[in-house]
Amino acid sequence: MVDRIYRVNMTDLTAKVEDVPENWAGLGGRGLTSTIVTEEVVPTCHPLGPNNKLVFAPGLLSGTVAANSGRLSVGGKSPLSGTIKESNVGGTAAQQFAKLGVKALIIEGQPEKDNFYSLHVMGDGVEIKEEPQLEGKGNFAVVDTMLERLGEKTGVMSIGTAGEMMMPVANISVKDPEGKLRSAGRGGLGAVMGSKKVKCIVITVPKKATVPIAEPENFKAAAKIFAKALMEHPVSGQGLPTYGTAVLVNVINEAGGLPTQNFRYGQFEGHDKISGETIHDLIEERGGKTRHGCHTGCVIQCSQVYNDAEGKYKTSGFEYESIWAMGADCCVDNIDHIAEADSLMDDIGIDTIETSVSMGVAMEGGLLPFGDGEGIVRIIKEDIGKGTPLGRLMGSGAGAVGKAYGVTRVPVVKNQAIPAYDPRAVKGIGITYCTTPMGADHTAGYAVATNILKIGGDVDPLKKEGQVELSRNLQIATAALDTAGLCIFVAFPALDIPEAFSAIIDMLNARFGISLTADDVNELGKTILRTEHEFNLAAGLTNKDDRLPEFFSQESLPPHNVVWDFTDEEIDEFWNF
Amino acid sequence: MRITVRLFANFRMDRFKEEIREYPPTLTVGEIVSELGIPEPEVGIIFINGRNASLETSLGEGDTLSLFPLVGGG
Chain F
1 MVDRIYRVNM
11 TDLTAKVEDV
21 PENWAGLGGR
31 GLTSTIVTEE
41 VVPTCHPLGP
51 NNKLVFAPGL
61 LSGTVAANSG
71 RLSVGGKSPL
81 SGTIKESNVG
91 GTAAQQFAKL
101 GVKALIIEGQ
111 PEKDNFYSLH
121 VMGDGVEIKE
131 EPQLEGKGNF
141 AVVDTMLERL
151 GEKTGVMSIG
161 TAGEMMMPVA
171 NISVKDPEGK
181 LRSAGRGGLG
191 AVMGSKKVKC
201 IVITVPKKAT
211 VPIAEPENFK
221 AAAKIFAKAL
231 MEHPVSGQGL
241 PTYGTAVLVN
251 VINEAGGLPT
261 QNFRYGQFEG
271 HDKISGETIH
281 DLIEERGGKT
291 RHGCHTGCVI
301 QCSQVYNDAE
311 GKYKTSGFEY
321 ESIWAMGADC
331 CVDNIDHIAE
341 ADSLMDDIGI
351 DTIETSVSMG
361 VAMEGGLLPF
371 GDGEGIVRII
381 KEDIGKGTPL
391 GRLMGSGAGA
401 VGKAYGVTRV
411 PVVKNQAIPA
421 YDPRAVKGIG
431 ITYCTTPMGA
441 DHTAGYAVAT
451 NILKIGGDVD
461 PLKKEGQVEL
471 SRNLQIATAA
481 LDTAGLCIFV
491 AFPALDIPEA
501 FSAIIDMLNA
511 RFGISLTADD
521 VNELGKTILR
531 TEHEFNLAAG
541 LTNKDDRLPE
551 FFSQESLPPH
561 NVVWDFTDEE
571 IDEFWNF
Chain R
1001 MRITVRLFAN
1011 FRMDRFKEEI
1021 REYPPTLTVG
1031 EIVSELGIPE
1041 PEVGIIFING
1051 RNASLETSLG
1061 EGDTLSLFPL
1071 VGGG
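Just so you know, the protein sequences line up as chains F and R, in that order. Note that the numbering used here has the first sequence beginning at 1, numbered continuously upward. Note that the numbering used here has the second sequence beginning at 1001, numbered continuously upward.
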């Protein structure tokens, strides 16, 4: 179908379908959400007020047969960081939107009444409906209700109770092909959806809807080369499918960069009990699945189905970041406690990274002893899920918890929690945490690949040399990948296999009948970063926000006993492009 | 000399997780890899005492050697 913009106004509860403005035509995914947010959202607005907008956009290649192209970008102004935000997620929604010709769904305004609504996106528009029976429901119940009402193939995006309560840790859940959940996790966009009083978005697609391809033969040829490269590269073809992303627990622990006990140490004694190797063995023992894709057409299959000790389904999408955060950062070495917490967080609809890092900070402040996995599970369920005063605090993110407990070791940048690599021992990712417009985010420019995993080159993780340039190049390339709708893990083969990289450009050209070059794609990445940076500056941020917390420069990290030693000038050099 | 060898991911299969092993002095990572029957092209990440090393790096008494295949995540 022809691409159009779907716009829903929640103030007067109307929806319209518009032509795509010329300057948005070549954009998708993150490039489009960030452009729309910059053009239409007042940078100084309150993120939970009527002037913020929530924007969903499938990538440029989403909905096609291109492998791993089913990623969706969700954008808006973040209530956690106060910055522009793009949160990236799998599931079925990107492909369904693309097939319907929904180039972007923009939700604006705010209703006066206190009711929650569903938005039903169809071929000819959007139906807005009051949903009193969904209020107070968790994500799993919302998905079940909607599938029962509209059929198994229905796409569902929803918020849990945390989103309804507009907690800054609230995420947006997206149904995957098996009815399990993926999350647009970071930056509290679930709270923005809650502020618009949208409980869920459902998508139904006519059976024969397809994405038009300008040059089908060329597309097919490039897609074949691309899929072959993904399957041949040892990381995307072997490591990720077998051990999942949690294979990194042992890698980063050995490298001395696994943040432990609220970023006090770089190694965790219980690392092997929460490692990808252990999880792999447990899944096989308990009859789960070691391979599972977050969207149709994923050939990497890094997700899994994890069962409890009785062999009953517990969770999926059990990622390195979540396992590290609840595990090493909170010193919990019981993998079943972590799995229980992961499942609860999916249902309540909260970011596993922000929530768990908040727990680590609260443990430092004395709320619970480090290692108390059962205590964490209880607080998530009884306090965050139900919105008690303690739950409201824990659902406000690591920065707020640090203030409430008088803790100075608070690992955040732009008030967003730092993920699973200590920047003192993996310096390249530290530059990404500082400079990405998103607040601390490892996916924005994954320098860990080159610092530790030796993919796409070799830059010493403990030295400053080359890190700013590395992070800049990766952030530019990632912005382009996020625009294409490709999974970030395609970067592993694309960095090592030249044909894989050219195949991406060939697919874009064949999809739209255009003739982009590698330089054009690079320029696109730069433009997206600049656009996002300008939004942040207009929102009141300065270069002083591009910094790590003070303790990283003052406390040395064992075992390498390293500190963060970049000068302000060295960091600011990042934006020199 | 005594070297602690740690193996990860599929390198553990039919081998071991961690062993303290006795080797003659002046030895490179490549020689240990070959002694363990691991094909060199399969070796992705090498740490000696938590620092990046290569197949050519020499080991010393008491070192810890960690070997991974090419893996990634995030």
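In this text, a Cβ means the ideal position worked out from N, Cα and C, and glycines have one as well. Since the model is a prediction, treat every value here as computed from it, not as a measurement.
Exercise for review: Provide the residue span of the beta strand (DSSP E) that contains tyrosine 405 of chain F, from first to last.
Suggested key: In the DSSP annotation of this structure, tyrosine 405 of chain F is not part of any beta strand (DSSP E); the continuous alpha helix (DSSP H) holding it starts and ends at 398-405.
Review point. Among F:Ile172, F:Tyr446, F:Lys180, which one has its Cα closest to the Cα of methionine 193 of chain F?
Key: F:Ile172
Practice item. Within 10 angstroms of the Cβ of alanine 170 of chain F, are there 16 or more other Cβ atoms? Answer buried if so, exposed if not. Key: With 16 or more other Cβ atoms within 10 Å, it is buried.
Review point. What whole-angstrom Cβ distance do histidine 560 of chain F and glycine 266 of chain F have, given they're in contact under 8 Å?
Key: 7 Å
Review point. For the ligand PLP, any of its heavy atoms closer than 7 Å to the Cβ of proline 111 of chain F?
Key: Among the ligands in the structure shown, none appear at all, so the ligand PLP cannot be discussed.
Exercise for review: Please decide whether proline 498 of chain F counts as near chain R, where near means a Cβ-Cβ distance under 8 Å.
Suggested key: no
Check your understanding: Between proline 1039 of chain R and chain F, is there a C-beta pair that is closer than 8 Å?
Key -> no
Review point. Along the chain, which unbroken stretches of the beta strand (DSSP E) at least 3 residues long are found entirely within the region 124-159 of chain F?
Key: 125-130, 155-158
Check your understanding: By the criterion of Cβ-Cβ separation under 9 Å, what are the contact partners of arginine 1012 of chain R in chain F?
Key -> Glu277
Review point. Since leucine 80 of chain F is in the beta strand (DSSP E), which residue starts that stretch and which ends it?
Key: Note, leucine 80 of chain F: premise wrong, no beta strand (DSSP E); not H, not E.
Exercise for review: Note the first and the last residue of the continuous alpha helix (DSSP H) segment covering isoleucine 279 of chain F.
Suggested key: 276-286
Review point. What is the DSSP secondary structure of glutamine 467 of chain F, counted as helix, strand or coil?
Key: helix
Review point. Proline 168 of chain F CB to nearest chain R CB: under 8 Å?
Key: By this cut-off, proline 168 of chain F is not an interface position.
Review point. Quick one: Cα of alanine 209 of chain F to Cα of alanine 67 of chain F, how far?
Key: Alanine 67 of chain F has its alpha-carbon roughly 19 Å from the corresponding atom of alanine 209 of chain F.
Review point. Who are the near neighbours of methionine 359 of chain F in its chain, counting only those whose CB is closer than 6 Å to its CB and skipping five residues on each side?
Key: Cys330, Ile376
Check your understanding: Starting from threonine 315 of chain F and walking both ways along the beta strand (DSSP E), at which residues does that stretch end?
Key -> First-last of the beta strand (DSSP E) with threonine 315 of chain F: 313-316.
Check your understanding: Are the C-beta of glutamate 254 of chain F and some C-beta of chain R separated by less than 8 Å?
Key -> yes
**Study point:** Close Cβ partners of arginine 1015 of chain R (< 6 Å) along its chain, the five nearest in sequence each way excluded
**Key:** Leu1007
Check your understanding: Between the C-alpha atoms of asparagine 1049 of chain R and leucine 1067 of chain R, what's the straight-line distance to the nearest angstrom?
Key -> 11 Å
Review point. Taking Cβ positions, are valine 235 of chain F and valine 1033 of chain R nearer each other than 8 Å?
Key: no
**Study point:** Among F:Glu555, F:Tyr320, F:Ile452, F:Val126, the one whose alpha carbon lies nearest that of glycine 244 of chain F
**Key:** F:Tyr320
Check your understanding: If you compare alpha carbons, which of R:Gly1073, R:Leu1059, R:Gly1074, R:Pro1069 is closest to arginine 1021 of chain R?
Key -> R:Leu1059
**Study point:** Beta-ladder partner(s) of phenylalanine 535 of chain F, from DSSP
**Key:** For phenylalanine 535 of chain F, which the question treats as bridged, DSSP gives no partner whatsoever.
**Study point:** Neighbour list for aspartate 650 of chain F in chain R, Cβ cutoff strictly below 8 Å
**Key:** With chain F represented from 1 up to 577, any question about residue 650 of chain F goes unanswered, as that position is not in the structure.
Check your understanding: What's the gap between the Cα of alanine 191 of chain F and the Cα of threonine 355 of chain F?
Key -> Rounded to the nearest angstrom, the two C-alpha atoms are 14 Å apart.
Review point. Does the beta carbon of threonine 435 of chain F sit closer than 8 Å to a beta carbon anywhere in chain R?
Key: Closer than 8 Å to the CB of threonine 435 of chain F there is not a single CB belonging to chain R.
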